[in-house]
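> Just dropping this structure here.
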Amino acid sequence: MSEMLQFLKSISVFLLLASGCLSVLGQEQQQGTLHRRTYFYVGGQKYTSDGNLTIAADQMYVEHLTPAEVTQPLPLLIIHGMFMTGTNFLNTPDGRLGWADYFLSQGYELYIVDQPARARSPWQPTVDGPLLPSDVFTVETHFTAVQRFKIWPQAVLHTQWPGNGSMGDPTFDKFFASNVPSLNSTTEEAQKINDAGSLLLDQIGPVIVMTHSQAGPFGWGLANSRPNQVKAIVALEPAGPPFINAIFPPFTPARIFGVTDIPIAYEPPISSPSELFPVVVNQIPGVTCFEQKAPARKLVNLLHIPVLAVTSEASYHAQYDNCTVNYLLQAGVGVEHIRLENVGIHGNAHMFFMEKNGIQIAEQVIQPWISKISA
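Sequence positions in the sequence shown follow mature numbering (1 follows the signal peptide of the UniProt record, and there is no 0) and run -26 to -1, 1 to 349.
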């Protein structure tokens, strides 16, 4: 009897160890690419607040990820969109490895920021403007469940979000929990990140800038401020179209300098954005496309910088990213525009880098383009 008991104990220990090994193996498969993680802050100013206290504001959090072996000549500087943080790119809401891991595996050094007055870049109520919170309806209609609301024609093609994209779905709830309030004024945000981002580029040197959504104009602004440090721009559905908001009423004026909310250099120079003389070149329901009246002024500091604009099949950007691209082309910027459906990648919406086929997009679209322009 004692021998049988000892045998059963031995079997139990073996099974426990085997289970542990399998568990460890499973964890190893999700650990991703070996890298070193550090962080730092850049920019910012000291202010005297109520009560004669000295506070810091306008500084920007920068997460610095370095693979064990850097094989790419230029780092990537990644800037997230509205209501988001740099965590967008670390992993997906359903637990898969994100774009940060993919690009680390390709040998890129990464700098991933939180916009000033957002998340780990602290918002100071006595210095910064009012905040606008994210909400479930906006997230569902814009990002995760667009196929259910059908606000624009392409929305019905959305299939790649992991889960049903609605409140109560585990993946949606995890994603929504990561959303944070944003400054209500995009102009204020643009100036803050241009100031901090320019200092960052002075510190780290030449980079490829990758922007998403709201950050699209911030990329144009940084290239304008530091044209020798920005070697290329990857614009993932950059905020647009020029001069006016689209799709979601009210269709208010925006990006008064064409593709930015803050001044950007044109040649011949302008003293006022009204000198750009925007003219309507195309209209569809919810979208008005503007270009400059000919002869068009050139975005002089962006002329030598290659740009990739990426648009997904089912996003609201499918309606108007062509307006932004055509404006940039008219202004002399070298833009290549890739619509994912045209290269055989279907079903994505605005947050495509965290959708089910997100790594496929990085692998088949983004990395080949960077390799091409870096050769």
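The C-beta atom is built at its ideal place from N, Cα and C for all residues, glycine as well.
1) Would you mind working out which of Ile344, Gln257, Asp102 sits nearest Ile29, comparing C-alpha positions?
2) Does the contact criterion of 3 or more C-beta pairs under 8 Å hold for the stretch 179 to 187 versus the stretch 199 to 217?
3) Below 6 Å CB to CB, which residues in the same chain sit around Arg200 once its five sequence neighbours on both sides are set aside?
4) Identify the continuous alpha helix (DSSP H) that holds Tyr240 and give its terminal residues.
5) Spatial neighbours of Ala91 within its chain, please: CB distance less than 6 Å, with the 5 preceding and 5 following residues excluded, ordered by chain position.
6) Pick helix, strand or coil for Ser23, following the three-state DSSP scheme.
7) Using CA coordinates, which residue listed in Tyr82, Met58, Gln33, Val36 is at the minimum distance from Gln341?
8) According to the neighbour-count rule (16 or more other Cβ atoms, all chains shown, within 10 Å of its Cβ), is Ser246 buried or exposed?
9) Let me confirm a value: Ile127 is counted as buried when at least 16 other C-beta atoms fall within 10 Å, else exposed. Which label applies?
10) Put Thr32 into one of helix, strand or coil per three-state DSSP.
11) Excluding sequence positions up to five away, which residues of its chain have a Cβ less than 8 Å from the Cβ of Ile335?
12) For Pro224 and Arg10, I'd like the C-alpha separation in whole angstroms.
13) What's the gap between the Cα of Gly25 and the Cα of Pro99?
14) Does Arg122 come out as helix, strand or coil in the three-state DSSP assignment?
15) Spatial neighbours of Thr7 within its chain, please: CB distance less than 7 Å, with the 5 preceding and 5 following residues excluded, ordered by chain position.
16) So, at 6 Å on beta carbons, what are the nonlocal neighbours of Ala93 in its own chain, with the 5 sequence-adjacent residues on each side left out?
17) To the nearest angstrom, report how far apart Lys166 and Leu250 are at their CA atoms.
18) From the DSSP output, in three-state form, read off Ser159 for me.
19) Using only CA atoms, which one of Gly18, Phe192, Asp32 lies nearest to Asp235?
20) For Arg122 and Gly55, I'd like the C-alpha separation in whole angstroms.
21) Could you check what DSSP says for Ala209 in three-state terms: helix, strand or coil?
22) In the structure shown, what three-state DSSP assignment does Ser345 receive?
23) Go through its chain and collect everything with a Cβ distance to Leu(-5)'s Cβ below 8 Å, but skip five positions before and after it.
24) Could you pull out every residue in the same chain whose Cβ sits closer than 8 Å to the Cβ of Pro47, ignoring the five residues on either side in sequence?
25) Where His116 and Leu131 are concerned, what is the direct C-alpha to C-alpha distance, given to the nearest angstrom?
26) Do Asp32 and Gly137 have their C-beta atoms within less than 8 Å of each other?
27) How is the beta strand (DSSP E) around Pro49 delimited, first residue to last?
28) Based on Cα-Cα distance, which residue from Leu27, Asp143, Gly17 lies nearest to Val87?
29) Could you have a look at Val339 and say whether DSSP puts it in helix, strand or coil?
30) Is the distance from the Cβ of Glu37 to the Cβ of Gln89 below 8 Å?
31) Which value, in whole angstroms, describes the spacing of the CA atoms of Val208 and Thr298?
32) Helix, strand or coil: which one does DSSP assign to Val307?
33) For Ala119, is the classification buried or exposed, using 16 other Cβ atoms within 10 angstroms of its Cβ as the cut-off for buried?
34) Suppose only complete runs of 3+ residues qualify. What are the beta strand (DSSP E) ranges in the stretch 161 to 234, listed by chain order?
35) Rounded to whole angstroms, what is the Cα-Cα separation between Gly308 and Pro242?
36) Taking 8 Å as the threshold (C-beta atoms), are Ser152 and Thr61 in contact?
Taking the geometry as given:
1) Taking the first residue of the sequence shown as position 1, residue 29 is located at position 55. For the residues Ile344, Gln257, Asp102, the minimum Cα distance to Ile29 belongs to Asp102.
2) yes
3) Residue 200 sits at position 226 when you count from the first residue of the sequence shown. So the list reads Ser172, Leu175, once near-sequence residues are dropped.
4) Taking the sequence shown and counting its residues from 1, one reaches residue 240 at position 266. That residue, Tyr240, is in no alpha helix (DSSP H); it is neither H nor E in DSSP.
5) The residue given as residue 91 occupies position 117 in the sequence shown. Non-local beta-carbon contacts of Ala91 in its own chain, meaning distances under 6 Å to residues more than five positions away in sequence, involve Trp97, Asp102, Leu157 in chain order.
6) Counted from its first residue, the sequence shown places residue 23 at position 49. In the displayed model, Ser23 falls within a strand according to three-state DSSP.
7) As a working note, residue 341 is residue 367 in the sequence shown. The residue with the shortest Cα to Cα distance from Gln341 is Tyr82.
8) Position 272 of the sequence shown, counted from the first residue, corresponds to residue 246. Counting Cβ neighbours within 10 Å, Ser246 comes out exposed, since fewer than 16 surround it.
9) In the sequence shown, counting from the first residue as 1, residue 127 sits at position 153. One detail in the question is off: residue 127 reads as Pro in this sequence, not Ile. Under this definition Pro127 is an exposed residue.
10) Translated into the one-based positions of the sequence shown, residue 32 becomes position 58. First, the amino acid is wrong: residue 32 is Asp here, not Thr. Coil, per DSSP.
11) Counted from its first residue, the sequence shown places residue 335 at position 361. For Ile335, where only same-chain residues beyond five positions count, the Cβ hits under 8 Å are Val284, Leu314, Ile319, Asn322, Phe326, Phe327.
12) The residue labelled residue 224 in the question sits at position 250 within the sequence shown. The residue labelled residue 10 in the question sits at position 36 within the sequence shown. One C-alpha to the other measures close to 45 Å.
13) Counting from 1 along the sequence shown, the entry for residue 25 is found at position 51. Counting from 1 along the sequence shown, the entry for residue 99 is found at position 125. If I take the Cα positions, the gap works out to 14 Å.
14) Counting from 1 along the sequence shown, the entry for residue 122 is found at position 148. Here Arg122 carries a helix assignment [DSSP, helix/strand/coil].
15) Position 33 of the sequence shown, counting from 1, holds the residue named residue 7. Cβ neighbours of Thr7 beyond the five flanking positions: Pro41, Asp75, Leu78, Ser79.
16) For the purposes of this step, residue 93 is identified with residue 119 of the sequence shown, where counting begins at 1. Excluding residues within five positions, the ones whose Cβ falls inside 6 Å are Thr59, Val154.
17) By one-based count along the sequence shown, residue 166 stands at place 192. By one-based count along the sequence shown, residue 250 stands at place 276. Approximately 25 Å between the Cα atoms of the pair.
18) Stepping through the sequence shown from its first residue, residue 159 is reached at position 185. Looking at Ser159 - three-state DSSP - the assignment turns out to be coil, as it is neither helix nor strand.
19) Walking along the sequence shown from the start, residue 235 turns up at place 261. Among Gly18, Phe192, Asp32, the Cα nearest to that of Asp235 belongs to Phe192.
20) The residue you call residue 122 lines up with position 148 of the sequence shown. The residue you call residue 55 lines up with position 81 of the sequence shown. So the alpha carbons of these two residues sit roughly 23 Å apart.
21) For the purposes of this step, residue 209 is taken as the residue at position 235 of the sequence shown. Residue state, collapsed to three classes: strand.
22) Numbered from 1 along the sequence shown, position 371 holds the residue referred to as residue 345. DSSP places Ser345 in helix when its eight states are reduced to three.
23) On the sequence shown, position 22 is the one that residue -5 refers to. Because Leu(-5) carries a pLDDT of 38, less than 50, the predicted location of this residue cannot be relied on, and the following value inherits that uncertainty. In its chain, beyond the 5 residues on either side, no residue has a beta carbon closer than 8 Å to the beta carbon of Leu(-5).
24) Indexing the sequence shown from 1 puts residue 47 at position 73. Around Pro47: Ser348.
25) Locating residue 116 in the sequence shown gives position 142, where the first residue counts as 1. Locating residue 131 in the sequence shown gives position 157, where the first residue counts as 1. Going from the Cα of His116 to the Cα of Leu131 covers about 14 Å.
26) As a position in the sequence shown, residue 32 is number 58, starting the count at 1. As a position in the sequence shown, residue 137 is number 163, starting the count at 1. Taking 8 Å as the Cβ cut-off, Asp32 and Gly137 do not qualify as a contacting pair.
27) Here residue 49 corresponds to residue number 75 of the sequence shown, with the count starting at 1. It is not in any beta strand (DSSP E) - Pro49 carries neither H nor E in the DSSP assignment.
28) Here the question's residue 87 lines up with position 113 in the sequence shown. That would be Gly17, whose Cα lies nearest to the Cα of Val87.
29) Counting from 1 along the sequence shown, the entry for residue 339 is found at position 365. Val339 falls in the helix class under three-state DSSP.
30) By 1-based counting over the sequence shown, the position of residue 37 is 63. By 1-based counting over the sequence shown, the position of residue 89 is 115. Against a cut-off of 8 Å, the Cβ pair of Gln89 and Glu37 comes out as no contact.
31) Translated into positions along the sequence shown, residue 208 becomes position 234. Translated into positions along the sequence shown, residue 298 becomes position 324. The alpha-carbon atoms of Val208 and Thr298 are separated by roughly 14 Å.
32) Position 333 of the sequence shown, counted from the first residue, corresponds to residue 307. In this structure, Val307 counts as coil in the three-state DSSP scheme.
33) For the purposes of this step, residue 119 is taken as the residue at position 145 of the sequence shown. Answer is buried; the Cβ neighbour count reaches 16.
34) Runs of beta strand (DSSP E) with 3 or more residues, each lying fully within the stretch 161 to 234, are found at 181 to 186, 204 to 210, listed in chain order.
35) Position 334 of the sequence shown holds residue 308. Position 268 of the sequence shown holds residue 242. Going by the C-alpha atoms only, they are around 19 Å apart.
36) Position 87 of the sequence shown, counted from the first residue, corresponds to residue 61. Position 178 of the sequence shown, counted from the first residue, corresponds to residue 152. Contact flag set, yes.
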